[in-house]
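Residue numbers (my numbering), protein chains in the order written: chain A, 5 to 431; chain B, 6 to 312.
A virtual CB, placed ideally from N, CA and C, is assigned to each residue, including glycine.
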Amino acid sequence: MKRRQSMITAALSTLALVAGLGASTLTHAQSTTLRVFSGSGGSQRPDLMRKLYDQFQAKNPGVTVEVELGGATSELQRQYLSTVLNAKDPSIDIYLIDIVNPAQYYGARWLEPLDAYLGKPADVMKPYLPVYATSNVIDGKIAAMPGFADAMFMYYRKDLLDKHGVKEPATWDELAAAAAKVQKAEGNPNLQGLSIQGAPIEGAVCTFLLPYWSQGKEFNDAGGKLTLDKPAAVKGLKQWLAMVDQGVIKKNVAEVKTGDTVNEFKAGQVLFAINWGFAWDRFKDDPDSTVKGKVGVMPLPTTAGGRGATCVGGWQWAVSAFSRNKAIAAKLVQHLSSPEASKFLAAEGSLLPTYQSVYTDPDVVKAVPWFKNAAEVVVAGRSRPQSKDYGQVSDVIRTTTSAVLARTKTPEEGAAEIESRLTRVMR
Amino acid sequence: MSTHQEHPVAGTTTWDRLRDPSEKTLGVMLLAPAFLLLALIVVYPIGKLIWNSFFDLRLSGGGEARFVGLENYALVLRDADFWNAAGNTVLIVLITVPAALVVGMGLALLANLPFKRQWPVRLALLLPWALPLAFAGLIFAWFFHSEHGVVNDVLRRLGGNEPQMWLLRPNWAFAAICLTIVWKTSSFMALILLAGLQMIPKSLYEAAEVDGATKWQQFWQITIPMLMPSIIVALIFRTITALQTFDIPYTMTKGGPGNSTETLAMLIHKTTIDYLDVGYGSTLAVCMFVLSLLVTGFYLKHIGKNA
């Protein structure tokens, strides 16, 4: 008897539980939950993004923004997103994607064009820096909205250049000579003249493009067709190898990743370093940085007769084509890509603005004085090739560049391989 | 046999037949759920893979599939990347499978010695096996790092002056990967062989002892023949996993420098996930599937004779 009673109790409580769950689902359905994906890397500042989501939630009652973090590097995020989006997964509404991805994702029909929600591309994109305005408009449609900018900068040890009476070099040759001079005078075998990224990571695409662009050459035309100047590509790669032979760049450069450059510069082992904008904060603020207050930033050197150009990065907000809440997601994207958000990210996290006007905003300049000089570097920045097959373009360039820097291929073989493999893809 | 009666006789309606099925029907009924599950998770994906391999299906082009027949297969035959990856994969099989067998045999014989405490040896055997492949790859990549790696540190202490860049030289990188795979997989071999060793009756050795056989003769005349079934099982498993090698080279070199250490599984992953070329990626996967079938068939044919 007792047993039967307890069974009935159990059955009733199960029923109540099911009913309760049903009710909570019902109340849940009246509000909207947006799920946002962004990288877990420190450079994407999930903590500050959360504050922006909270602002949006406060202005839009009934909307909850959930966050999914993943992948510390651009390649890892791309691999994860390829899987999720290929499965047409509707669970994520908004993605924070690398500047090289809008063309590829829009081409694969993974992104919702935002024209219907935000307006005509020409009007919407007007206030942004040109490179972001063009990179996010694919086939005449808004594929994504600029979140924050980034670019490759040339960092240097101001204290060491001053100590040895060396001026900021304007060309690559001057840089190599300056580095060799300081290295010799310091007599420290662990001091690297220049640190670049040679491992087969996304940064190595820029390692290939920087000396190539600085000769005034184009990698692709406006239509995305490959316009590789092979002799210039060979010259660019040879320039890095010559610096390795001189001892300016270290021998195992083909192992160096973005984080290695940052850590070695922080440890005081590097004179010049090419790295993304987030590194500035690491040098300045990290407790283990030995170079606080000794760091300068300058434009990238040119090749004699060419013009300096840096590699532009940065992150964009995009609405998934499989989202079930596209209109409200577009509204959040609008908030995240607004001048106010850009100013907030700049002042609080020194993330580079995508608006020209924010660079000169008094509050921002006060918080991050070096942004005044950063603007010209970013404006002069160039975008890596926009291609629907960017995954392949990137893989070919970074793998080949790394192999040349490891000296398993000659620069001539490397340039020929890039040309033969990409001619088929970039047409 | 009519089912139109008002009160049907037991065993004539469908319902009654289901309640009291014949042996054959019962067999089908009991097998059906397992078969359906298997069809869903094995047959359907393989079928879909083969189907996709006949299409030009590139997600970067918007994802429309265009039937191209055997064109993808013709491309594979002319694809230098495929032959490079296939060559590397076969080389990894040829090097690491025998090496892991020899090392695993040594470990198994060691673990089978009458130690007072057996668990430390067994634990040492189990640990590499329990470690995820990617971790093993990352750990060994760190060992072989040209600046911070323990390998170069030891060499420097022994008097070498120029640090070797192990993972940036194609042959050294390949050797480092093979070494890691052998380290990682020998313990699996050893576990299977150890189980086999413990099945061999002690009396055989005692009899051999009485007849005056040396330890060496005992090993070749008793241990090896008695162990043959275990050896073959271990070889089949190891060969199939070696054909699928992905994690260790991916974490150690990412296929580099260039694509000199790229395996077939890595090429398939790159083509599908990075290049978003599902059609050609499927074709490559079918080729790898055929290669695995050939190797398994070879083993099965020869086991039939030997065991």
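Sequence-distant residues of its chain with Cβ nearer than 6 Å to residue i (five each side left out)
i      : result
A/W114 : L89, A325
B/Q10  : Any reading at B/Q10 must be qualified, since the residue scores a pLDDT of 48, below 50, and its modelled position is unreliable; no value is offered.
B/M2   : As displayed, chain B neither begins before 6 nor continues past 312, which places residue 2 of chain B out of reach and without an answer.
B/K189 : P133, A141
A/E172 : M302
A/I205 : K261
A/V104 : R388, Y394
Residue of the options minimising C-alpha distance to residue i
i      : options                        : result
A/G385 : A/K330, A/L336, A/V252, A/G312 : A/G312
B/L199 : B/I237, B/L115, B/T250         : B/L115
A/D365 : A/V381, A/E380, A/V382, A/P343 : A/P343
A/N192 : A/A371, A/S86, A/L164          : A/L164
B/G66  : B/A218, B/Q123, B/N93, B/G284  : B/G284
A/E222 : A/C315, A/D102, A/S341, A/A334 : A/C315
A/P125 : A/L133, A/N140, A/Q243, A/P291 : A/N140
A/Y132 : A/G309, A/A153, A/S42          : A/A153
A/V69  : A/E416, A/K288, A/V337, A/A208 : A/V337
B/P206 : B/P230, B/S192, B/C183         : B/P230
B/L131 : B/G263, B/A90, B/H150, B/M194  : B/M194
A/E416 : A/L241, A/P94, A/L56, A/V67    : A/L241
Any C-beta of chain B under 8 Å from that of residue i
i      : result
A/T87  : yes
A/D393 : yes
A/N90  : yes
A/D399 : yes
A/G263 : no
A/K255 : yes
A/S406 : yes
A/P106 : no
A/A258 : yes
A/A112 : yes
A/Y204 : A small correction: the amino acid at residue 204 of chain A is Pro; Tyr does not occupy that position in the sequence shown. Answer yes: the Cβ-Cβ gap between A/P204 and chain B drops below 8 Å somewhere.
A/A236 : no
A/Q83  : yes
8 Å Cβ shell around residue i - same chain, five flanking residues per side excluded
i      : result
A/G251 : A184, Q187, G197
B/G1   : Outside the displayed range of chain B (6 to 312) lies residue 1 of chain B, so it cannot be described from this structure.
A/I142 : P106, A107, Y110, G111, Q390
A/T265 : S199, I200, Q201, V274, A277, I278, N279, A283
A/S86  : G395
B/N117 : L199, L202, Q203
Cutoff 8 Å: residue i Cβ touching any chain A Cβ
i      : result
B/M271 : no
B/E76  : no
B/G261 : yes
B/E152 : yes
B/P137 : no
B/M194 : no
B/M231 : no
B/Y255 : no
B/I144 : no
B/D279 : yes
Close-in-space but distant-in-sequence residues of the same chain around residue i (CB under 7 Å, 5 per side omitted)
i      : result
A/L52  : L349, E352, G353
B/V187 : T101, A104, A105, V108
A/A258 : G202, A203, S406, L409, A410
A/A236 : Y216, Q219, K221
A/I96  : R39, F41, E72, V88, S324
A/L213 : F223, C315, R388
A/V369 : F375, K376
Boundaries (first-last residue) of the beta strand (DSSP E) holding residue i
i      : result
B/A247 : Per DSSP, B/A247 belongs to no beta strand (DSSP E); it is in the alpha helix (DSSP H), 229-248.
A/Q320 : 315-323
A/G151 : 149-161
A/G300 : 299-302
B/D61  : 60-62
B/V47  : Counting along the chain, B/V47 falls outside any beta strand (DSSP E), and DSSP gives it neither H nor E.
A/A277 : 274-280
Residue range of the alpha helix (DSSP H) that includes residue i
i      : result
A/V238 : 234-250
B/R24  : 19-24
B/L138 : 138-148
B/L75  : Run containing B/L75: none; DSSP gives neither H nor E here.
A/T36  : Premise fails: A/T36 lies in the beta strand (DSSP E), 36-43, not in any alpha helix (DSSP H).
B/E211 : 207-215
Segments assigned beta strand (DSSP E), at least 3 residues, entirely inside the stretch 95-144 of chain A: 98-102
Identify every run of the beta strand (DSSP E) within the stretch 336-382 of chain A, keeping only runs that are complete inside it and at least 3 residues long; order them along the chain. none
Secondary structure, alpha helix (DSSP H): runs of 4+ residues fully inside the stretch 74-116 of chain B: 76-83
Could you give the uninterrupted runs of the beta strand (DSSP E) lying entirely in the stretch 163-220 of chain A, keeping only those of 3 residues or more? 196-199
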